[in-house]
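Undergrad:
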Amino acid sequence: LALHSCTAEAVIHKLKSAMARHGIPESVISDNSPCYASSKFQQFAKSWSFTHTTTSPHYPQSNGLAEKTVQTAKKLLDKAKAEHKDPYLSLLEYRNTPVDNLKSPAQLLMSQRLRSILPAIPKQLEPRVVCQQTVRERREVCQQRQQTYFNRAARPLPQLYPGTPVRFRQQDGSWKPAVITSCADTSRSYNITTDTGQLYRRNRRHLREGRNSIGGEEFIQPTVNSDDSSVVSQPPPVEPPDKDITTPGYTTRYGRVTKPRQVLDL
2 LALHSCTAEA VIHKLKSAMA RHGIPESVIS DNSPCYASSK FQQFAKSWSF
52 THTTTSPHYP QSNGLAEKTV QTAKKLLDKA KAEHKDPYLS LLEYRNTPVD
102 NLKSPAQLLM SQRLRSILPA IPKQLEPRVV CQQTVRERRE VCQQRQQTYF
152 NRAARPLPQL YPGTPVRFRQ QDGSWKPAVI TSCADTSRSY NITTDTGQLY
202 RRNRRHLREG RNSIGGEEFI QPTVNSDDSS VVSQPPPVEP PDKDITTPGY
252 TTRYGRVTKP RQVLDL
């Protein structure tokens with residue numbers, strides 16, 4: 002479907018055309034574009050009986066499947082344009098190609114392979130019902146494998162509560178102070194309020210807890226005990242270095258230990 006305008010009316014018209022052909026989904030996940038955040042789209046979701054959920058602002062990873070699909074489609078169109086090929090044939094072959102040891106998108110949607118310019122016997126084009134249970138199990142295995150690799154370098158961040166002072170990251174990379182107002186509807190998202198009264202919704206990754214923070218890192222002020230404030234601690238005596246002990250080397254930024262050269266005193 003060609004979309005020549007990004008207004009709410011144009012997007013709703015294209016979505017109605019797609020839903021009238023393939024059915025109304027139970028839920029729709031989108032970003033926070035003005036066309037999706039408008040009241041017209043909310044009324045459209047209510048009248049067509051589906052749930053509309055928006056991702057965290059400035060966090061496209063929460064809707065990674067859609068972002069990856071858009072990236073793949075753009076690459077197909079760019080390659081077809083560079084080679085002066087028909088872009089619709091590229092889209093046809095993409096929809097007819099199996100993905101992740103599963104069926105192709107055409108088979109999952111219509112239980113049938115699409116005829117293309119590639120040679121195929123008539124038996125391969127016959128409709129065959131796809132077992133949804135098998136597809137679901139294989140997809141869960143793939144998702145668990147991806148989750149295992151992702152969790153190797155990831156850790157859960159502590160939960161924040163209303164009234165907690167934080168700093169949130171802005172688009173230019175700076176950090177601005179704010180206060181947690183409430184938890185958002187989406188997971189790992191919070192509604193925050195700045196000192197000027199502006200309201201924002203941010204992902205947990207964009208928030209740093211701490212009243213005193215510099216550059217997004219927590220700065221803890223040292224505490225002094227009043228009972229021990231009169232006690233003056235004397236530094237331990239410094240012993241002269243042993244001449245027989247050689248000075249250790251230093252470690253470079255690549256992890257290599259460099260030792261100083263030893264010169265023989267002849």
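The sequence shown lines up with residues 2 to 267 when you count with our numbering.
Where is the CB? At the ideal position from N, CA and C, for every residue including glycine.
(1) Measuring alpha carbon to alpha carbon, tell me which of Asp-196, Ala-67 and Glu-94 ends up nearest Val-29.
(2) From the DSSP output, in three-state form, read off His-5 for me.
(3) Tell me, which residues are paired with Asn-97 by DSSP?
(4) I'd like the ranges of any alpha helix (DSSP H) spanning at least 4 consecutive residues and lying wholly in the region 2-68.
(5) Helix, strand or coil, according to DSSP, for Lys-177 in the structure here?
(6) Let me confirm a value: Ile-193 is counted as buried when at least 16 other C-beta atoms fall within 10 Å, else exposed. Which label applies?
(7) Identify every run of the alpha helix (DSSP H) within the region 70-153, keeping only runs that are complete inside it and at least 4 residues long; order them along the chain.
(8) Return helix, strand or coil for Ile-246, following the three-state DSSP convention.
(9) For Leu-200, which residues in the same chain have their Cβ closer than 8 Å to its Cβ, ignoring the five residues on either side in sequence?
(10) Do Gln-108 and Val-142 have their C-beta atoms closer together than 8 Å?
(11) Looking at the strands, I want to know which residues DSSP matches up with Leu-200.
(12) Ser-190 and Arg-209 - do their beta-carbons sit closer together than 8 Å?
(13) In its own chain, which residues sit with a C-beta less than 7 Å from the C-beta of Glu-94, not counting the 5 before and 5 after it?
(14) Taking C-alpha atoms, which residue in Leu-119, Ile-122, Pro-120 and Pro-99 lies nearest to Ser-112?
(15) Going by DSSP, name the residue or residues bridged to Ser-183.
(16) Give every residue of the same chain whose Cβ lies closer than 6 Å to the Cβ of His-53, excluding the five residues on either side of it in the sequence, and list them in chain order.
(17) Based on the DSSP secondary-structure assignment, which residues constitute the bridge partners of Arg-209?
(18) Check whether the region 33-48 touches the region 12-20, counting contact only when three or more Cβ pairs, one atom from each stretch, lie closer than 8 Å.
(19) Which same chain residues end up closer than 7 Å to Asp-196 when comparing Cβ atoms and leaving out the 5 residues on each side of it in sequence?
(20) For Thr-165, which option in Ala-155, Ala-154, Cys-184 and Trp-176 has the closest C-alpha, if you only look at C-alpha atoms?
(21) Quick check: what's the CA-CA separation for Ser-231 versus Trp-176?
TA: According to the structure shown:
(1) Ala-67
(2) coil
(3) Asn-97 pairs with nothing; no bridge assigned.
(4) 9-23, 35-38 and 40-48
(5) strand
(6) buried
(7) 88-96, 106-111 and 133-152
(8) Any answer about Ile-246 is weak, because its pLDDT of 47 lies below 50 and its placement is not dependable; what the coordinates show is given next. DSSP places Ile-246 in coil when its eight states are reduced to three.
(9) Thr-182, Asn-192, Ile-193 and Thr-194
(10) no
(11) Thr-194
(12) no
(13) Ser-117
(14) Pro-99
(15) Asn-192
(16) Val-29 and Ala-46
(17) Arg-168
(18) yes
(19) Pro-178
(20) Cys-184
(21) Residue confidence is low: Ser-231 scores 41 on pLDDT, short of 50, so the model does not pin down where it sits. Its coordinate-derived value is still stated next. Cα to Cα, the separation comes out at about 39 Å.
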